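Structure, as structure tokens:
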Amino acid sequence: MPRLKRCAVYASGAAVALSSVIAAKAAWNALDFQLEEHAVPVLEPGARPVRLLHISDIHMAPGQSAKAMWLRSLADLEPDLVINTGDNLARHNGEGPLIEALAPLLERPGAFVPGSHCYHTSRLKNPLSYLNKKRLTGEKIRYARKDELDWRRMHAAFEDAGWVNAANANGWIKLPAAKTSGGAGSEPHSGSGFRNAQEAASATRWVAVSGVDDPHIGLDQPTGWPEPTMEQTIGTVAFRLGLTHAPYRRVLNQLTTAGADLILAGHTHGGQLALPGFGAVVSNADIPAGRAAGLGVWIAGRKRTYLNVSQGIGASRFVPFRTGFKPAASLITLVAREV
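In case it helps, mature numbering (1 follows the signal peptide of the UniProt record, and there is no 0) puts the sequence shown at residues -26 to -1, 1 to 313.
Listed below in structure tokens is the structure:
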């Protein structure tokens, strides 16, 4: 074999081997679940911390036992509340395994907003379309009826557990009461260290929640904050929480100017495919690719708020691997502001 041809064969073999190694690493990354931890100073001075678990983009399908086991283990963190920002399903019959995996977390107070892949299975698209800025505005997309998932069963399970459905809606989340040396449970009562019911009610803390349906498919309609009832008037509003699946500027600006203390979003998968030394290539929304994952500050006009964009737990069914950003949930500890 001529030397030049032999070199070409060796080079081709090396390229195939390298590609296989990269693909194997990327596939492993999709199962290397992580926990991102952040602290956010939004509570009143002197307030005790609140532990918030943010999960997003689970993309559950039947047979994903490793993912299901990891999701169940998150309950060991004992969060005060759980927030789910959508894209829970990957294909048909995923809602049963999802509900079972989330069962321990559904025992906690929480809220959710849907993503497009709560409603419908994903479609195979031209990967280059994600680089087209014209599509990054969020527009209504028509799906075939055969693509519709059983989101009604999933949402009913969430709501039956007491989670607030914040899809173009608002509501209140009651935070668990502080445990005392007397062994008090999650509800204040006569044995929990309070002298009377009025004192217990005044010690109760609430989270005001306002969310939108998925902006990526043009379903967002902001509703503002919930009106306080007598319970919230007697108690304390700990903070205001804005929710969206996809972090589009228009929604982030609306929630920020409305006075959200913290906004939670998902959708981006952290870019899912990130380049070494560069980071995410796209955000799959109209925010900069550099904001595709993690905690930061969002500014709109003269208002500013904290924004956490989850890098997500699952991956696209057509691109079931990750480079750069591993699957993760976020444990956010809300702490008191400095005086």
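Ideal Cβ placement from N, Cα and C applies to all residues, glycine included.
All values reported here derive from a predicted model rather than from experimental measurement.
Next item on the list: State the start and end residues of the unbroken beta strand (DSSP E) segment that holds phenylalanine 86.
Entry: According to the DSSP assignment, phenylalanine 86 belongs to the beta strand (DSSP E) that extends over 84 to 86.
Notebook entry, point to check: What is the residue span of the alpha helix (DSSP H) that tyrosine 93 lies within?
Noted result: 90 to 93
Check: What did DSSP end up calling isoleucine 73 once you bin it into helix, strand or coil?
Finding: helix
Note to self: For the alpha helix (DSSP H) containing asparagine 227, name the first residue and the last one.
What the structure shows: 223 to 231
Item checked: C-alpha distance - glycine 136 paired with arginine 82, whole-angstrom precision -> 8 Å
Check: For the putative contact between residue 319 and isoleucine 287, defined by C-beta atoms under 8 Å, what is the C-beta separation to the nearest angstrom?
Finding: Residue 319 is absent from the model: the chain starts at -26 and stops at 313.
Next item on the list: Label glutamine 38 either buried or exposed according to how many other C-beta atoms from any shown protein chain fall within 10 Å of its C-beta, with 16 as the threshold for buried.
Entry: Burial of glutamine 38 is indicated by the presence of at least 16 other C-beta atoms within 10 angstroms of its C-beta.
Next item on the list: Could you tell me whether the Cβ atoms of proline 23 and leucine 217 are closer together than 8 Å?
Entry: no
Check: Is the region 261 to 268 in contact with the region 53 to 71, if contact means three or more CB pairs nearer than 8 Å?
Finding: no
Check: Using CA coordinates, which residue listed in Pro262, Asp260, Pro88 and Arg224 is at the minimum distance from isoleucine 29?
Finding: Nearest Cα to isoleucine 29 within the set Pro262, Asp260, Pro88 and Arg224: Pro88.
Checklist line | Residue nearest to glutamate 52 in terms of C-alpha spacing, selected from Asn62, Glu18 and Gly84 | finding: Gly84
Check: Considering only the beta carbon of each residue, do threonine 95 and arginine 65 sit closer than 8 Å?
Finding: yes
Checklist line | Length of the line joining the Cα atoms of tyrosine 222 and threonine 279 | finding: Each residue's alpha carbon lies about 15 Å from the other.
Margin query: Could you tell me the alpha carbon to alpha carbon distance between proline 150 and threonine 178, rounded to whole angstroms?
Written below: 8 Å
Notebook entry, point to check: Which value, in whole angstroms, describes the spacing of the CA atoms of arginine 214 and glutamate 201?
Noted result: 12 Å
Next item on the list: Please go through the same chain and pick out, in chain order, the residues whose beta-carbon is closer than 6 Å to the beta-carbon of asparagine 67, but skip the five residues on each side of it.
Entry: Pro36
Note to self: With H, G and I counted as helix, E and B as strand and the rest as coil, what does DSSP make of serine 304?
What the structure shows: strand
Next item on the list: Evaluate isoleucine 237 with the Cβ neighbour count: other Cβ atoms within 10 Å of its Cβ, from every protein chain shown; 16 or more gives buried, anything less gives exposed.
Entry: A buried status is given to isoleucine 237, since no fewer than 16 other beta-carbon atoms sit within 10 Å of its beta-carbon.
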